[in-house]
Each structure stands twice: as structure tokens, then as C-alpha cells.
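Colleague:
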Amino acid sequence: MLERIEAFERSPVEEGDVTADFLNTTAGPGRSVEGLDITGSNRFINRELSWLAFNWRVMAEAENPDVPLLERVRFLAISAANLDEFFTVRVAGLRAMVRQNVTSISSDGLSPTEQLRQIEADARALMASQQNAWNELRRLMREEGIEVLDPSDLRAADKKGLEAFFFEQVFPILTPLAIDPAHPFPFIPSGGFAMGLKLRRNDTGMLLEALLPVPAQVDRFVPLPDGPAGQKRLLPLEGLLEVFADRLFPGYTMLGHFAFRVLRDSDLEVEEEAEDLVREFETALKRRRRGDVMRLKMTANAPDDLRDTIVQSLGVAVGEVVEIPGIIGIANLAELCRIDRPDLLWEPFSPRMPERVHDFDGDVLNAIRQKDMLLHHPYETFDIVVRFLQQAARDPDVLAIKQTLYRTSRDSPIVAALCEAAEDGKSVTALIELKARFDEAANIRQSRRLERAGAQVVYGFVDWKTHAKISTVVRREGRDLVTYSHFGTGNYHPGTANIYTDLSLFTCNKEMGLDASKVFNYVTGYVKPESLSNLAISPHMIKPRILEGLAAEIEHARAGRPAQVWVKVNAITEPEVIDALYVASQAGVKIDMVVRGICSLRAGVAGLSDNIRVKSIIGRFLEHSRIVCFGNGHGLPSAEARVYISSADWMERNLNRRIESLVEITNPTVHAQIMDQVMAANMHDKAQSWVAQPDGTYLRHQRKGDENMFSCHGFFMKNPSLSGRGQAGAQDVLPLVKDFN
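In this note's numbering, the protein residues as written are 2 to 742.
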């Protein structure tokens, strides 16, 4: 039986009396959770359900009145896009396990079948809540003079005006298809949008079932002339097709119609012994396009016989068909944010240029030569990373450039700089990760471009992704060869750098340059480094380094010294690391964590994690930087703490099956910037923080009276960072959040 998405009122993320200020408070005693065996597998939270909880928090921003209206629409679209990817990758993997009778149990004790059952219930509730949110946002938009119309709202003049648009911009790229034995059922790609129509021929009364696939190149919302009061008016594409269905099928009367959208299995499997890795990935990408259908979403009131025909033709299991009483393809709502209403968007923000680079007239290498520099993106411009490579490409004294590329933009200025350097005769090595999910095709294009320019392109390990973000520039200076290095927590992607918070460390420290070179030699030539000074890499070194840091804090606690850890990651699921955190907590180590997304650790549970607090920050920018600080017997913040930045989240894949980097920060100014600015502000944030509860739910920090709801994003947009100040000095840099609360 077809399941329908009904109105949904509850939300698993509730509001309560919690404090998200981890900087100026301490963890209280843990609380018991009824039925929880702290020695058993449910001491972990299921990874997939934790991800869904994260996406509920994203969706909740669509309901947050403190967020500008069109930004709320954007959050809603993001939550829908997230859910689509979740089904095409994670749920697809679980379904494959069930089909192959794999009964392995996850670390939290659930079988694939049990996980799918709980995922399905929660995902359907989330989809219903998304529809409710859209209905409310649509109403609020109408009050602001933005109307998303139904076909029934159109006037005769509207239809007449749309006719030219339809025939000039839409009709030429549509291909109506009859569904009958003479016409094979067409292929609908993953994410594909189409309409099903039931028609009757006027002269014979013969019935016809037809499909109308809609090319992805067509915008989802069609603009109409402004209303009498200046309202911005838009019509969804499916409404336009409904209005002009008689022009597509002249001589027929439409008896019924519905829109539907297909999601397919988008995970990739590549033969480990593929002789040509690029060719193998090109083949795999074609397979992905034709993957099994994981989900079929359709609008309500579809004719039963037509619906059944399409479901059977697509080979969709009944449980994967979802009827939605509203709009499908909510991810497309992001188009509405292009409407010219700046008053309904975030105030414009321009990333700062570090003053130290200005001091050297834009010469990035000279600025780095003076001393180490840490950029905090997007508050400080990613353009410095691009300039670093562009300058190296054009500098006659630069001999070699090495670069990892995990994700980058289609017209990447970084790839262009590498090509320019190679064409100029420099030695250029580009390590491109073909297995960057959903960017595989783009990375293949970039590899071909680099090869044509004369760069040495390598693809790293077949069975491990290379996720480390490292770049080196070797320059002849007198008789010496000096290595300038860049270590990042995010991707070399100028687009995402505008919305992801990440750290970029620039240094010409000799030991760190040697470390970086050893890592490149490992990935290009499989020469495992015997020793590294300030750098650790997974899968061999990062997890042991984390465990050693926790063990050291346990010893400090037992000796009566301050014992404290700060962690900032996007996700934590690695069982051994989580258990080590539990042990540290029970030994008296105070552990505060900012975990944006998946968190399999239970925080604040009596007898297990009394001293662990976890919060998730969801806001204007996507928290992406990975940081860990060990108090080193001095508590936090402290100049004596051991501070690291990393490309790795604390997940099994990152710590055990990837090439990742963990860089210890030794420069005092950079050290202070991370401790006293970046981490302190994250710990103090209230405005955007959700605090994890022992049962795995999250509570948003609630304003109390006229309380100052400190926002770390707001703070970073207003205040310069420490290491980039240069001659401007550090007098106006606010180091500790608690000093200016």
C-alpha cells in the first residue's frame, strides 16, 4: 500500500533550559537514561540516526524567526538536499547489505534491517515537517510581496504572457513520451523530475498514459510580471506544464496528472585492481547514473493505474514510494534565494584581507617568511591561498610545487595556477583524489587538464582516499632551498570557502616542510615516513596521537593537576576513540566538544560521560574546521596546551582508512589565535548552539530575558584574527571571549 506523508507536529529537537556557554561554565553531574546499559553497545548512538538528528537541526533554522526569511528558505532547501544524498548513499548501502543477507551489527547494536526501519520512520517525519515549514514560509513570503502561485491563481493575462515563454524557453527541450508497448519506458536519472499524465483522445475516447521528463537545465520557478502592488510572482515549473499540457498533447483532454522525482543508488564501487583508475571511475560514474531507485517521491492524487504503471516500470519497492501532499524537490527552493530582496537575506559580508599581506604589498611568500600565518575562512579571504599558488607559478625562483586536490571548483584558479607553473617548466605534482564523492567527474576533468599542461598527476592509494589538505612550494633563496607549506582543514575550493569555516596554516618552518614532503612521497611512491616532527597522518598515526593525548590528560587528573580537552570536529563515530573519551571522563578529565553533525558519543551520562559536554553549532556558516586542544596539565585555555589542526573527523573512515593530516601548532601567535579566539568563541557561542542530551536529543540554548546571545559567527565577522594583523598590531584583537562577554 502506498504510504503518504501526513501533517507532522512534533520535532525530535525540543527546547529547554540548557546553557551552551561551555567557556564560563563546567559540566555538571551526569544523568541516568532509563534502560541504557552503559557497558553495552547502546553506549553509542547510531550513526545514521545521529545524522538525521543533525538534519533536523538544519531544518529547524527554516523555522527560526531570527534568520532572514529567504535564508530560512535556503536552510529548508539544504535540509532536503542533505536528505536526498543520505538516501542515495547511506541508505543505499544499508539496503545493499540487506539484499546480500549481511547481518553484521553496527557498533550501537543495530542490524541493517533495524537501522532501515528506524531511519524510515524518522525520515518520513522529517519530510512531513519540511512540508509544514514550506507552507509557513510560503505564507510569510506572500506577506513580504513574494508569491509562489498555483495554476488556479493565474489570470488570463498571466497565461497569455506565459505562452511565449513556454514555446520559446521550455517547449523546444521537452520530449513527451507515450507509455505503451511500442515505447520503452524512458530512463529517469537520479534526481530526475518528470510528470505523469493520463489523457483521453477527444475524437475516439482512447486513453493514453504519457510521461514528460523535465530536463535539469530548466529552472524550477518561472517568473511572472510583478503584481499590481509590485509583488514578485513565480510559478513552479510543474504548474507551467500543467497549464500548457494541451499544447504538448493537442487533441487530448487531461484526466489526471502528478509530478514525481527519482533518487537512485549513487554509491560507487571500484575494482581495487583496476589497471587504469581514471577509466574505471569514468565507467563507475555511468553506472551511478543508472543505479537502483532508492526513493520515488510523487505529488498526491495521482491516478491509481498510472501511478502503478510508473512504480512497476521503475522497479521501485512499495515501501520506497512516498506520496507528498505538497511540493516535491524541496531542494530546488534554493532558487528563490536569487530573488532581488536583499532585505530578506543575510547582510553582505566581505572576507578580510590579512593586514600582514598588505604590509608586504600583496607578496604572500614574504608575509609567510616573516612568520607563520593562520587564516580563518571565510572571515579571511581564501584568495590568499589562491595567490600563494599563483605567485609561486610566476616566481622564477620557484622550482617545484606539490598539491593535494580533494574537491575544487569547476573553473579552479588553483588548477589554472598549477597548469601555468607546469607550462613554465616548473616541477608540478598534483595528487588528485578521484574518490571524492559527487566530485569524481570534476576531478577527472581537472586531471586531464593538468596532464595536458605537463604536470605530474597521481591518484594516490586505490583503497584509501587522500583527504589531507597540503600544498608545498620549493623556492631557491641564495644557496638554500626553502619550502613554503600550506596545511588546511578544508578543501581547495574557492566556492565552499565562502560558507565553510576552515583554517589555513602557512609556514616556511623547515621541519614542517620536510614533514609535508615526506607525506607527498608516501602517497606518490608508497614510501611510508619513518618519522615526522610536527605532523601525523592517518591511517597510521592520528588515532594513536589522540589516544596518547587523552591518556596524558588522565595522568594529569590522577596527579591532581588540571585536566581538560577541547575538541571541534564535524563528526565522531570511531568506537575506540569514544571509549577512550569515556574513560578519560570517568578519570576526571573535563571534555568539551563542538560536533556539528554526527555524534555517536553520549554526553553527560551518569557513570559514563559525566564530564563530557557536546554541542552542535548551526548557523550562517557551515562549521568545518577540525581542532583538538589538550590542556597538558594546565587546563584550557593555556599557552602550555598542545594544540592541533586537522583534515580528519573522528570517524572510522578518517582515522583508519584515509590519508589525513594532523598538524601540531608550535608558533605562539597562531597557538593563541586558535585557543583564545577560535575555540574560545565556539565554546562561548549561545545564539547558534544546540546542546546534546544524555538520551541523544539536542536542546537549543534559550534566551533568558535580555540575555546577550553571543554568536561566534557574528564575533568573527566583526573582529580581526591575531596572526594576520601585521603592523596594525594586536591591540584591537579580542583574545578571550570571556573577557568581553
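Heads up, the beta-carbon is just placed ideally off N, CA and C, and yes, glycines get one too.
Could you name the residues that DSSP lists as bridge partners for isoleucine 613?
Modeller: The partner list for isoleucine 613 (beta bridge, DSSP) reads Ile592.
Colleague: Leaving out the 5 sequence neighbours to the left and right, which residues in its chain are closer than 7 Å to glutamate 116 when beta-carbon positions are compared?
Modeller: Note that residue 116 is glutamine in the sequence shown here, rather than glutamate. Closer than 7 Å at the Cβ level, and outside the excluded window around glutamine 116, lie Asn47, Glu49, Leu95, Ser107.
Colleague: Assign lysine 616 to buried or exposed, taking buried as 16 or more other Cβ atoms, counted over all protein chains shown, within 10 Å of its Cβ.
Modeller: Classification of lysine 616: buried, given that the 10 Å Cβ count is 16 or more.
Colleague: Verify whether the separation of the beta carbon atoms of phenylalanine 259 and threonine 310 is less than 7 Å.
Modeller: Going by C-beta atoms, phenylalanine 259 is not nearer than 7 Å to threonine 310.
Colleague: Which word fits methionine 374, buried or exposed, when buried means at least 16 other C-beta atoms lie within 10 angstroms of its C-beta?
Modeller: Flag for methionine 374 reads buried.
Colleague: DSSP beta-bridge partners for glutamine 565?
Modeller: Bridge partners of glutamine 565: Lys591.
Colleague: When the Cβ atoms of the region 592-601 are set against those of the region 69-81, are three or more pairs found closer than 8 Å?
Modeller: Not touching, per the Cβ criterion.
Colleague: Output needed for isoleucine 331: all residues of its chain with C-beta closer than 7 Å, excluding positions within five of it in sequence on either side, in chain order.
Modeller: Only Leu77, Ala78, Ala81, Gln131, Trp135 meet the Cβ criterion.
Colleague: May I have the straight-line CA-CA distance separating proline 563 from serine 662, to the nearest angstrom?
Modeller: If I take the Cα positions, the gap works out to 28 Å.
Colleague: Output the boundary residues of the alpha helix (DSSP H) element that contains aspartate 306.
Modeller: 305-315 is the span of the alpha helix (DSSP H), which, as asked, contains aspartate 306.
Colleague: State the beta-bridge partners of phenylalanine 259 as determined by DSSP.
Modeller: According to DSSP, which records beta bridges pairwise, phenylalanine 259 is partnered with Gly197.
Colleague: Just confirm the distance between the C-beta atoms of serine 586 and isoleucine 613, as a whole number of angstroms; I'd bet it's less than 8 Å.
Modeller: The Cβ separation is near 5 Å, so the contact holds.
Colleague: Which of the three DSSP states is assigned to tyrosine 527 in this structure?
Modeller: Three-state result, tyrosine 527: coil.
Colleague: Just to confirm the assignment, what range does the alpha helix (DSSP H) spanning phenylalanine 462 have?
Modeller: Careful: phenylalanine 462 lies outside any alpha helix (DSSP H) and carries neither H nor E.
Colleague: Would the beta-carbon of glutamine 404 fall within 7 Å of that of alanine 431?
Modeller: Yes, the Cβ-Cβ distance between glutamine 404 and alanine 431 is below 7 Å.
Colleague: By the three-class DSSP mapping on this structure, what secondary structure does glycine 489 have?
Modeller: Of the three classes helix, strand and coil, the one that applies to glycine 489 here is strand, per DSSP.
Colleague: Among Arg480, Phe521, Leu235, Ala517, which residue has its Cα nearest to the Cα of isoleucine 340?
Modeller: Taking only the C-alpha atoms, the option nearest isoleucine 340 is Leu235.
Colleague: Between the Cα of glutamine 694 and those of Ser639, Asp109, Ala604, spot the shortest distance and give me the residue it belongs to.
Modeller: Minimum Cα distance to glutamine 694 is reached at Ala604.
Colleague: Can you give the Cα-Cα distance for valine 520 and leucine 536, rounded to whole angstroms?
Modeller: Straight-line Cα distance between these residues: approximately 9 Å.
Colleague: Rounded to whole angstroms, what is the Cα-Cα separation between threonine 467 and serine 539?
Modeller: Going by the C-alpha atoms only, they are around 10 Å apart.
Colleague: With DSSP collapsed to three states, give me the class of lysine 298.
Modeller: The answer is strand: DSSP assigns lysine 298 an E or B state.
Colleague: Do aspartate 677 and proline 721 come within 7 Å of each other at the CB atom, strictly closer than that value?
Modeller: No, the pair does not count as a contact, with Cβ atoms beyond the cut-off.
Colleague: The alpha helix (DSSP H) that contains isoleucine 39, what's its start and end?
Modeller: That residue, isoleucine 39, is in no alpha helix (DSSP H); it is neither H nor E in DSSP.
Colleague: Measure the Cβ-Cβ separation of histidine 685 and phenylalanine 711 and say whether it is below 7 Å.
Modeller: Yes; because the gap between Cβ atoms is below 7 Å, this pair is in contact.
Colleague: Report all residues from its chain with a CB closer than 7 Å to the CB of valine 317; omit the five preceding and five following residues, and keep chain order.
Modeller: Val294, Leu297.
Colleague: Measure the alpha-carbon distance for proline 379 versus asparagine 102 and round it to whole angstroms.
Modeller: Going from the Cα of proline 379 to the Cα of asparagine 102 covers about 46 Å.
Colleague: Ends of the beta strand (DSSP E) at proline 545?
Modeller: First-last for proline 545: 543-559, but that is the alpha helix (DSSP H), not the beta strand (DSSP E).
Colleague: If you pair each beta-carbon of the region 640-656 with each one of the region 338-357, do three or more pairs fall below 8 Å?
Modeller: Verdict: no, contact absent.
Colleague: Is it buried or exposed, alanine 21, if we count other Cβ atoms within 10 angstroms and call 16 or more buried?
Modeller: Label assigned to alanine 21: buried.
Colleague: Name the DSSP bridge partner or partners of tyrosine 253?
Modeller: Per DSSP, Arg202.
Colleague: Report yes if the CB atom of tyrosine 527 is closer than 7 Å to the CB atom of leucine 406, and no otherwise.
Modeller: In this structure, leucine 406 does not lie closer than 7 Å to tyrosine 527 by Cβ.
Colleague: When you compare each of Ile433, Lys161, Glu554, Phe87 to serine 460 by their alpha carbons, which one comes out closest?
Modeller: Before going further, note that residue 460 is tyrosine rather than serine in the sequence given. For the residues Ile433, Lys161, Glu554, Phe87, the minimum Cα distance to tyrosine 460 belongs to Ile433.
Colleague: I need the DSSP call for aspartate 503, collapsed to helix, strand or coil.
Modeller: Strand at aspartate 503.
Colleague: Within 8 Å, do at least three Cβ pairs link the region 83-90 to the region 135-148?
Modeller: With a cut-off of 8 Å, the region 83-90 and the region 135-148 do not count as touching, because too few Cβ pairs lie within range.
Colleague: Quick check on the DSSP output: the alpha helix (DSSP H) that includes methionine 128 runs from which residue to which?
Modeller: 113-144 is the extent of the alpha helix (DSSP H) around methionine 128.
Colleague: Is the region 210-220 close to the region 352-360, with three or more CB pairs under 8 Å?
Modeller: Touching, no, given that fewer than three Cβ pairs across the two stretches are closer than 8 Å.
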